[in-house]
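Student:
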Amino acid sequence: MKLVLIGSPGAGKGTQAKVLSKHFGIAHISTGDLLREETSLKTEIGLKIIDIMNAGKLVSDEIVETLLSNRIKKDDCKNGFILDGYPRNVEQAEGLSAVVGNIDKVVLISVDDNLIIERMVGRRGCPKCGQMYHIKYNPPKEDGVCSECGSELVQRKDDNEETVKNRLSVYHTSTSPIIDYYKNKGLLLEISGVGNIDDISKQLIDALEGAK
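Read in order, the letters of the sequence shown are residues 46 to 257 in the numbering used here.
(1) Between the Cα of G52 and those of K67, I94 and I161, spot the shortest distance and give me the residue it belongs to.
(2) Which runs of the beta strand (DSSP E) spanning at least 3 residues fall entirely within the region 87-168, listed in chain order?
(3) Which value, in whole angstroms, describes the spacing of the CA atoms of Q248 and E254?
(4) On the CB-based measure, 16 or more other CB atoms within 10 Å of its CB, does Y182 come out buried or exposed?
(5) May I ask you to verify whether the region 106-124 touches the region 68-78, counting CB pairs closer than 8 Å and requiring at least 3?
(6) Reducing DSSP to helix, strand and coil, say where I71 ends up.
(7) Please identify the residue among A100, K58 and V104 whose C-alpha is closest to the C-alpha of E83.
(8) Count the other CB atoms within 10 Å of the CB of G175; is the residue buried (16 or more) or exposed (fewer)?
(9) By the three-class DSSP mapping on this structure, what secondary structure does K210 have?
(10) Short of 7 Å in beta carbon distance, which residues of its chain neighbour L232, apart from the five on each side in sequence? Order them along the chain.
(11) Helix, strand or coil: which one does DSSP assign to K173?
Now the structure itself:
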């Protein structure tokens, strides 16, 4: 099974990708992770990526497609994969088909922008042990203090309302054409990302198994 996962920042893509990966026995491939891995290993492509990013430019589709092509040849992709964070535009979607073959389903996790803003602006993390909290949905026992290790909690710099709104605006502008592209091909499966995480996972798995 070859899946593509689409959703706005904070929609819960990473969480659901892990669930689907485990349930269907397919690899979870994040293009962001692929780029980070290459740069940390300082491979030939990795050094190119570092130069591109240092120049403030975007990594080319050609480089990402090369990394994807290499990644899907690994053993853990023999049953398929779930692709998270790519494609981001129609040109990439067309290029993706040439690299990986036919996609079985494109999953769109939909969450209202106002809820996304509330989710992301309310996030707090422990810089020491990595424990994550939310001031409304998963607060620590003591305000601003990690319940696990007692360290002071911090808010990520990009988890402020203005930045989140900008990220959502960019997401909608770039992703709307991809959603239409895959909808016209009959590949789009839209799932609400609002509610209990386990319930969303079950709904998603049932829909995908019904679509086999």
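Ideal placement from N, C-alpha and C gives every residue a C-beta, glycine not left out.
Tutor: Short version:
(1) For G52, the nearest C-alpha among the options comes from I161.
(2) 126-129 and 150-155
(3) 10 Å
(4) exposed
(5) yes
(6) coil
(7) V104
(8) exposed
(9) helix
(10) Annotation for L232: I148, K150 and V151 place their beta carbon closer than 7 Å to its own, counting only its chain and skipping 5 residues before and after.
(11) coil
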